[in-house]
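2 protein chains.
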Amino acid sequence: MLERVNLKQIVTKEEYQPEADRLRHEISALQQTVKKAKLPVIVLFEGWGAAGKGSKIAKLILNLDPRGFAMYSMTRPTPEEQRYPFLKRYWEKIPQRGDFSIFDRSWYQELSVYALENDLSVKEIKKRASEIEVFERQLRDDGYLIVKFFLHISKKEQKKRLKELEADKHRSWRVTKQDWKQNDDYDRYYKAFDRMLEETSFEWAPWHVVPCEDRRTSMLSIYRTVVHEIQNALDAKAARDAKPPMPQDAPIVVSPKMHLVDVPKLQEVPLNQHVDEETYRKELDRLQKRLHHLAHRLYQEKIPVVIGYEGWDAAGKGGNIKRVAAALDPRDYQVLPIAAPDKGEFNRHYLWRFWKRLPKSGHIAIFDRTWYGRLMVERLEGLCTSDDWHRAYQEINEFEKELIDWGALVVKFWIQIDKDEQLRRFNDRANTPEKQWKLTDEDWRNREKWDLYEGAINDMLRYTSTDYAPWQIIESQDKRFARIKALTVLIREIENRLKD
Amino acid sequence: MLERVNLKQIVTKEEYQPEADRLRHEISALQQTVKKAKLPVIVLFEGWGAAGKGSKIAKLILNLDPRGFAMYSMTRPTPEEQRYPFLKRYWEKIPQRGDFSIFDRSWYQELSVYALENDLSVKEIKKRASEIEVFERQLRDDGYLIVKFFLHISKKEQKKRLKELEADKHRSWRVTKQDWKQNDDYDRYYKAFDRMLEETSFEWAPWHVVPCEDRRTSMLSIYRTVVHEIQNALDAKAARDAKPPMPQDAPIVVSPKMHLVDVPKLQEVPLNQHVDEETYRKELDRLQKRLHHLAHRLYQEKIPVVIGYEGWDAAGKGGNIKRVAAALDPRDYQVLPIAAPDKGEFNRHYLWRFWKRLPKSGHIAIFDRTWYGRLMVERLEGLCTSDDWHRAYQEINEFEKELIDWGALVVKFWIQIDKDEQLRRFNDRANTPEKQWKLTDEDWRNREKWDLYEGAINDMLRYTSTDYAPWQIIESQDKRFARIKALTVLIREIENRLKD
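Chains A and B, in that order, give the protein sequences.
Take the first sequence: its letter number 206 is residue 206 in our numbering, and every next letter is one higher.
Each number in our numbering corresponds to the 1-based position in the second sequence with 1000 added.
What follows is the structure, given as C-alpha cells:
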C-alpha cells in the first residue's frame, strides 16, 4: 500500500486555515451526534517514528469534549501484561457506546514493531493477525467504528526529523535508540509495515495511510477521514436500525472450521446416580489432594485455567465450586460471580467484562455463570437482538479458541437437575430461614420459562461444544455425585493438558 | 507486642471440630448481615514466612459467598506501581459497603519487609507509618472495619517448616531465598515487626497477633476474632446511625498542623479585568510555548502534576482547560471530567475515585471538577451527612499533603464569575443550538441556590487553602483574561517546583 502514497502533496497556509476550522467544528458537533446515536468509536494511530503522531493526536483531541473520550498511549507490554493474551490490554480499553477511544500505537505494534524486535516466527505473526481480524470483526459486528491511521514519511525525511529533534536540547531525549534503528533498517520495517497494511486492511476497517511530510496535508487528511468515517458509520447504523431483525428461528450457523463434538440433549441426561456419605468423604478427600497437587504443577508451568460453571438455578453450582476451590491455594485462584452487567458493561461489547477478568498465566479463574448468559438469559429476555445472539455461538467459539491458543485450559460445566428437583430445592430454601436469601422472585420467574430455557440450552450445548472446549455435563440430582464428578473431570482435563 | 504471645497453646481435635463448625456457620451468617448493614470490611494478614497465611486464608474464605468478597495477594510493587504513591494500589482495592476485601500481605509490607530489604531511612518509614495511620483513620471514619492479623511463629518453628517444605518435592518451589533470609535474620525482622505492631496498633484498628505453632489454636483464634470484630462493628454502626447528626452550623475544624493561607471571599474578588484580542493571541502563544517546554522538564524529572478545576457553572472551565491542554503532549496528560459518582464509587469512600485516577510520575492529571464536590454539591444536596462534610476539610488537606509528600505539584483553580454573568451565559447557551447540550435543568436548579453555594465555597476556600496547595482564584468574567491568568499561575507554580 505504501508505494501508492504521494508524499509530495502540499497545502498552503491560506488553503489550510478555513478548511481546518470548518472540519474542527464539524468534529466537535459530530461528537454530540455520536453520543446521542451511541456509536462507539475507536481511532488508532500507527506509523513511522517522528512522523508526528503525538502532535496530530494532540490537535485532534482538542476538538473533543473530554467527557466523551479516552486517550491511550500504548508502550511495550509490562511483564505483568505479558502474562495475559496480547489482546487483553486492548480489549480492556474499548469505549462505551457513544464514546471514543484513541490509541497512540495499538495492537498493530504486535504485528510489526514488536514482531521485528522479537523476531517472531511467521506462524506466530499469522496467528496474531488472525486474532486481530477476529477482534475487529467482533467489534464491528457489535456496532463499533474503527478508524485506522498509518502516518507515512520517507527514510530521508525521517532521518532529517530525527536529527532536528536531537539538535533541540529540550526534545532530544524523545529520540530513542529504537528510532534510529528504525531509520537504519528502514527497508526492513517498510516491508513489515507494508505487509501488515495489506493483510489487515479489512473491508470493514480499512487502513488510511496519511502522507506526513507536509504537516498541513496530513492534518487535513486526518480531519477529513475522521469526519467521513463517522458520517458513514452513523448512516450505516441508521440503516441497520431500520432493518427488520433476523427471525428468532433463523438457523444457527457456526464456521465449519470449529469442530463440534456430540453432547446429549438435556432431556436425555440420566439423573439417577447416587453416592453415599462415606464414599463421598473418602473420594472428596482423595480428589482434592490430587487437585491440590496438580494446581501446583499448573502454577509452576504457568498454565492459565478458565473454569466456567453454568446450570439451572439451585442446581448446586455454589457448593460444587466450593469443593473445587477448597483444594486450591487462595493466591492462585479467583471465583468470579457473574451477575447482570452494570452500566459500563452493558454499554460495551458483551465479551468485554470477561476479557477483563481473565486469569494471568499460572492462575485459575472460576466463573460462576459466564459469557453463555448471551445464549440463555440475554437471548430469552430480549436483552440482545436476534442477530446478536445468532452471531454469538461463533463469537464465543472464537473467544474460547483464543484462550486455548494462548495456552489456557478451558473447562465448562453444565450442572444439571430436573424440574421437580428444582422445585424441591426452591421450597427447601423458602422454608429455611438461613437459606431464604438465596431464593429470589427472579428464580421463580425463570422457572416458569423452563421449557424455553431448555431449548436455548440445548442449542448452546450443541453449537459451542468444540473439540478444544467441550461442555461437561454434571448430573447434580445428587449433589455429592456432582461434586465428585466435577472434580474427576477437572483432574482428567488438567492431566491431559499437562501431558501435552 | 510479640513477646507477650504464648506460642505454646494447643487445642485438641475434639475441642476444635464443634467450635470451628459453629464459628464457620456464624461467619457465613454474618456475611449476610454485613451485606444488609452495608458494612465494608477489610481483613489483612501479615506475619512470618511459613506461618501458614495461605492455608488460613483459604479456610476463612471458603465460608464466604464469592459475590461478597475479593481476595488480594499483594506482591512487591511492579515498576509501574512504583510510579504512584505507595498507598494507591491499596486504596484501589478497598471494598464496597457490604463487601469484604481480604489481603494476603498488605500495606504493612511497606513498613516492614520492604523497608528492611530496601534499607529505608527512619524518616521515610515514619512518613509511611503516618500515611498508613491517615489511611486507616479515614476509612474507619467512613465506617470501614479493618481487622489486622499478624501470624507469629518462633525462629525454630520457622526453620523446621522451611526445611519440611523444601523436602516436599511438590512444594519446595514455594520456599524462596527471602524466606531463608528472614530466618537467618530472624532477630532483625522480629524487631522490625515488633516496632511496626506497637506503632500501628491504633485504638480503632488494633493488631491481632495469632500464635501459629498449633494450627487449630491459630484457626480458632482467627475465626473468633473475625466474628467478634464484625459483631462489634455492627453494634457500633447501629449506635452511630441512632445518634443525631452534627448540627449543620457546627464549627469547621482542621488540624493546626495544616498551615492555612489567606484567600479573599468570593464577594470581594474584583471582576473588572479585560484583555483585548490581539494581546490575548500573543500572550496565549507565548505562554503555551513556555508551558510546553516546562511540561517536558516535568516529564524528564518524573514530577507528577495534579491540576484541579472548580468554578461556577458556565464560568469557562472547559475552555480554560483546553488552552492548558493545547500546550501539552497528549501522551503526558489526561483530562478527567468528574461527574456524579457511579454506584461502585458512591458505595466506597469518596476519595477512592480520585486515588484511582492519580497521574503516574512525570504525568499531568487535569481534573474537571474534583474531590471538592464533597464540600459543595454533596454538602448542600445532603449527599453526605453533616459529620461527613465537616470531617472532609481535614481529610482533603491530608489527601493533598500526601500528594505533595509523594513529590507532586498540586494546583487548584477556582474559576470565578458573578451571578449576572452566569445568567448571560446560560441565556446565550439556551439560544445557540450548538451550545444547548451544555445547559441542563440542573444548572438552573443550582443557580437558584447561588447564595448557599457561595457560603459553602467560602468555607472551602478558607479551610483548604494550605501553604502547600493554596487555591488560585481565576477571575473569568473575561474568559481571555482567565485563560492568560491560569496559564501564568500554572507556569509560576511549575517554575517554583522545578527550582526545589
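Cβ coordinates follow ideal geometry from the N, Cα and C atoms, glycine included.
These numbers were taken from a predicted model, which means no experiment stands behind them.
Can you tell me whether DSSP reads residue i as helix, strand or coil?
i	result
residue 1383/B	coil
residue 98/A	coil
residue 1070/B	strand
residue 10/A	coil
residue 192/A	helix
residue 104/A	strand
residue 254/A	coil
residue 1417/B	coil
residue 1372/B	helix
residue 1054/B	helix
residue 1016/B	helix
residue 77/A	coil
residue 273/A	coil
Is it true that the CB of residue j sits closer than 9 Å to the CB of residue i?
i	j	result
residue 125/A	residue 136/A	no
residue 363/A	residue 1170/B	no
residue 222/A	residue 41/A	no
residue 1470/B	residue 1419/B	no
residue 194/A	residue 44/A	no
residue 1114/B	residue 1253/B	no
residue 50/A	residue 161/A	yes
residue 352/A	residue 107/A	no
residue 483/A	residue 318/A	no
residue 148/A	residue 208/A	yes
residue 134/A	residue 398/A	yes
residue 1069/B	residue 1027/B	no
residue 474/A	residue 414/A	yes
residue 468/A	residue 410/A	yes
residue 387/A	residue 246/A	yes
residue 1424/B	residue 1439/B	no
residue 265/A	residue 496/A	no
residue 336/A	residue 366/A	yes
residue 946/B	residue 1313/B	Given that chain B is displayed from residue 1001 to residue 1500, the structure contains no residue 946/B and the question cannot be resolved.
residue 144/A	residue 94/A	yes
residue 1476/B	residue 1233/B	no
Beta-carbon within less than 7 Å of residue i's beta-carbon, same chain only, minus the 5 sequence neighbours each way: which residues are those?
i	result
residue 1322/B	none
residue 541/A	Residue 541/A lies beyond the residue range present for chain A, which begins at 1 and ends at 500; the question has no answer from this structure.
residue 1011/B	1214, 1216, 1217, 1220
residue 378/A	384, 389
residue 189/A	116, 182
residue 38/A	97, 98
residue 100/A	41, 43, 64, 68, 69
I'd like the list of long-range same chain contacts for residue i, defined as Cβ closer than 8 Å, with 5 residues on each side in sequence excluded.
i	result
residue 1172/B	1165, 1166
residue 478/A	273, 274, 275
residue 1152/B	1002, 1005, 1007, 1047, 1048, 1051, 1209, 1210, 1211, 1212
Residues in the same chain with beta-carbon distance under 6 Å from residue i, minus the five sequence neighbours each way, listed in chain order, please.
i	result
residue 408/A	304, 306
residue 1086/B	1110
residue 302/A	361, 362
residue 52/A	212
residue 1263/B	1461, 1465, 1471
residue 1073/B	1104
Cβ contact (3+ pairs, closer than 8 Å) linking the stretch 1296-1309 of chain B and the stretch 1264-1279 of chain B
no
Which residues, in order along the stretch 416-433 of chain A, keep a beta-carbon less than 8 Å from a beta-carbon of chain B?
none
Pull out every residue of the stretch 61-80 of chain A whose Cβ sits closer than 7 Å to any Cβ of chain B, in chain order.
61, 62, 66, 67, 71, 73, 78, 80
Would you list, in chain order, the members of the stretch 1039-1058 of chain B that have their beta-carbon closer than 7 Å to a beta-carbon of chain A?
1054, 1057, 1058
Using a Cβ-Cβ cutoff of 7 Å, what residues of the stretch 1287-1308 of chain B are near chain A? List them in chain order.
1293, 1296, 1300
Taking only beta carbons into account, state which residues of the stretch 100-111 of chain A come closer than 9 Å to chain B, listed in chain order.
102, 104
Taking a Cβ distance cut-off of 8 Å, strictly less, list which residues of the stretch 1315-1343 of chain B are near chain A, in chain order.
1318, 1321, 1322, 1325, 1326, 1328, 1329, 1330, 1331, 1334, 1335, 1336, 1337, 1339, 1342, 1343
Contact list for the stretch 1356-1385 of chain B against chain A, Cβ threshold 7 Å
1368
Identify each residue in the stretch 168-195 of chain A for which the Cβ-Cβ distance to at least one residue of chain B is less than 9 Å, and report them in chain order.
170, 171, 173, 174
Taking one C-beta from the stretch 278-285 of chain A and one from the stretch 436-448 of chain A each time, how about it: are there three or more such pairs within less than 8 Å?
no
With 8 Å as the limit, tell me which residues of the stretch 1431-1455 of chain B have their beta carbon closer than that to any beta carbon of chain A; keep them in chain order.
1434, 1437
Return the residues of the stretch 1009-1043 of chain B that lie within a Cβ-Cβ distance of less than 7 Å from chain A, sorted by chain order.
1029, 1032
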